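J.:
Residue numbers (the numbering used here): 671 to 1290.
1. Less than 8 Å between the beta carbons of residue 1127 and residue 1086, yes or no?
2. Hey, residue 888 and residue 907: beta-carbon distance below 8 Å or not?
3. Where does residue 823 fall in DSSP's three states?
4. Taking the alpha-carbon positions, what's the residue 1090 to residue 1098 distance?
5. At what residues does the alpha helix (DSSP H) containing residue 779 begin and finish?
6. Any contact of the stretch 1253-1264 with the stretch 1049-1060, i.e. 3+ C-beta pairs under 8 Å?
7. Using the beta-carbon count (16 or more within 10 Å), is residue 684 buried or exposed?
8. Could you check the C-alpha separation between residue 893 and residue 764 for me, to the nearest Å?
9. Please state whether the Cβ-Cβ distance between residue 1081 and residue 1068 is less than 8 Å.
10. With DSSP collapsed to three states, give me the class of residue 1179.
11. State buried or exposed for residue 1281, treating a residue as buried only when at least 16 other CB atoms are found within 10 Å of its CB.
12. Would you decide whether residue 705 is buried or exposed? Buried here means 16 or more other CB atoms lie within 10 Å of its CB.
13. For residue 1167, I'd like the list of residues in its chain whose CB is within less than 6 Å of its CB, leaving aside the five on either flank, ordered along the chain.
14. Over what stretch of residues does the beta strand (DSSP E) that includes residue 1168 continue unbroken?
15. Any idea what DSSP makes of residue 1006, helix, strand or coil?
16. May I have the straight-line CA-CA distance separating residue 830 from residue 791, to the nearest angstrom?
17. Output needed for residue 1043: all residues of its chain with C-beta closer than 7 Å, excluding positions within five of it in sequence on either side, in chain order.
18. Given residue 1228, which residues of its chain have a CB within under 7 Å of its CB, disregarding the five upstream and five downstream residues?
19. Using 8 Å for Cβ pairs, my map puts residue 1222 next to residue 1238. What's the rounded Cβ distance?
20. Assuming residue 945 is part of the beta strand (DSSP E), what are its boundary residues?
21. Identify, in the order they occur along the chain, each residue of the same chain with its Cβ nearer than 6 Å to the Cβ of residue 798, setting aside the five sequence neighbours on each side.
22. Measure the Cβ-Cβ separation of residue 1159 and residue 1273 and say whether it is below 8 Å.
23. For residue 863, which residues from the same chain have a beta carbon less than 6 Å from its beta carbon, with the 5 sequence-adjacent residues on both sides left out?
24. Return the CA-CA distance between residue 896 and residue 853, expressed in angstroms with no decimal places.
25. Using the Cα positions of residue 661 and residue 786, report the straight-line distance between them to the nearest angstrom.
26. From residue 1277 to residue 1003, what distance separates their C-alpha atoms?
27. Between which residues of its own chain and residue 881 is the CB-CB distance below 8 Å, once the five residues before and five after are set aside?
28. Taking the alpha helix (DSSP H) that residue 1189 belongs to, which residues open and close that run?
29. Touch check for the stretch 765-778 and the stretch 817-837: three-plus C-beta pairs under 8 Å?
30. Which same chain residues, not among the five before or five after residue 1270, have their C-beta less than 8 Å away from its C-beta?
31. State the start and end residues of the unbroken beta strand (DSSP E) segment that holds residue 1141.
32. Whose C-alpha, out of 1039, 946, 1018 and 953, is nearest the C-alpha of residue 1008?
33. Give me the Cβ distance between residue 916 and residue 874, rounded to the nearest whole Å; I'm assuming they're in contact under 8 Å.
34. Within a Cβ cutoff of 6 Å, which residues of the same chain sit near residue 1233, ignoring the five residues on either side of it in sequence?
35. Please confirm whether residue 1243 and residue 1120 have their CB atoms less than 8 Å apart.
36. At which residues does the alpha helix (DSSP H) containing residue 937 begin and terminate?
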């Protein structure tokens, strides 16, 4: 704003630059000693909102009139910078060719020795923003001066300068300067971390981790954050969280600070934007961190604010990695896809395979699932490259579709060709991906059986036999921790078969046979273990029920809700379809029980499985 005795002088100078109408408007005040300040400022603001050339004229005239030292050029450059940031499609070359802009830069270049550290950083940042070449003499002189000023800079200035430099194209002069900043910053932090802003302290931690500062320096920064938790707010806490998630070492104080920071965040999620979420959750996965309440609140926010497809997609990929897929999240994911089907089909970031993997993470089937699965299969331009050059991923995609109960004939016909399967399997073995191929091919075979699609889409029997043999060899366990507790509960080894599978390759840890009244049936004589290869080979009367006991480990559950993964659930459904009675034991939970409670727990689970069957029969 212009004030005081300079207003009339500025006003008269301005009238020389503009149209007749403008001059008439301004000259209305020329007969007075001092032009009304409010009116003058209003006119200046009007021109500030016009094009860049007018802006340059206004700034040049007003600043030349008011300022007597070189500092007017700094003020002018800053004003032009603020103006340019608000303009869309501004062509910087036109600005660089402008004589006034060149004169301003020349003035600054001649005054480099008089500029302090803060001024030098700001000028460099602005010139970079305007894409002034690094070869420019003024830019080079500023870079050299910045290097000489490193000793004088405080923590905040060093952090900001490093940030500005990191955003530029690399050059020798920039590389030299960037290489020296960490040394100076580390010394400042060791001496005194005097930055007032929590954001700067957080940025120090990010830099310290990325640039591998000494552990004592990293611990000091974390200690500083810990001492200043009173300054954590919903405005700055996201930056604090991000910085803490950059710490490699598992420092207990760091975990406590993270939990405290997330407590603040969940109380006011208005400051958490969709774009903030994926970077944070990626870090969670890398550091094996998990804070349920934040995920729960974000999932509700996603739903209530009806996040668009892009934001939902980016967040859902992180949710899947963390094993967080409650039903409301899956429902919103489906709605987001259905709201933008054309975008999903045409935009390259939305990959059908990734989508199928997310949808198949549990056994939950959201409304409109079939609509989305049909949409996935219509993405021909995205599927074709898989079929042509990534056959393994092509089979993986179709296996996920089949697990979800979707069987597109145009995809299955090619895959279920015996020669095609053998060819892909052979290639996978060469690339050491044989086991992955076997898993997905068997998933397809089990799904066809489970959903009664075998007659329509028969799986090649010779391939299936080879897959089962290879799969069984890989799933032989050396240790079955439930075994002795089941034997104790039933009364001996002869009531138990351990480590077998179905003919179609479903592995089963233990098999128990029960007759009416829940009495165990011996599966071999005495203590000798006459092991059979397949559950179907057990020679039992028709009134005996076969209990298939599976110890499900942590990787066979998702984290929230704690349910079996889609792949594991398919195996359980398959066993039921074969008239077996699956009993799934959460191994981690069972292992936490005292030894004296482990056997009663297992026996009770067997009893519950049988009672549920009786109940289903009665109701039917």
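Heads up, the beta-carbon is just placed ideally off N, CA and C, and yes, glycines get one too. Computed from a predicted structure; not experimentally measured.
T.: If we stick to the structure as given:
1. yes
2. no
3. coil
4. 12 Å
5. 769-780
6. no
7. For residue 684, the predicted structure reports a pLDDT of 43, less than 50, and the residue's modelled location is therefore unreliable. The matter cannot be settled from this model.
8. 49 Å
9. yes
10. strand
11. exposed
12. Annotation note: pLDDT 38 at residue 705 (below 50); position unreliable, coordinate value reported separately. It is buried - the Cβ of residue 705 has at least 16 other Cβ atoms within 10 Å.
13. 1181 and 1193
14. 1167-1171
15. helix
16. 8 Å
17. 1071, 1074 and 1076
18. 993, 995, 1031, 1032 and 1235
19. 6 Å
20. Note, residue 945: premise wrong, no beta strand (DSSP E); not H, not E.
21. 838
22. yes
23. 894
24. 24 Å
25. With the chain running from 671 to 1290 in the structure shown, residue 661 is simply not present.
26. 38 Å
27. 852
28. Premise fails: residue 1189 lies in the beta strand (DSSP E), 1189-1191, not in any alpha helix (DSSP H).
29. no
30. 1159
31. Note, residue 1141: premise wrong, no beta strand (DSSP E); alpha helix (DSSP H) at 1131-1144.
32. 1039
33. No, residue 916 and residue 874 are not in contact; Cβ-Cβ is about 11 Å, not under 8 Å.
34. 1032
35. yes
36. 922-937
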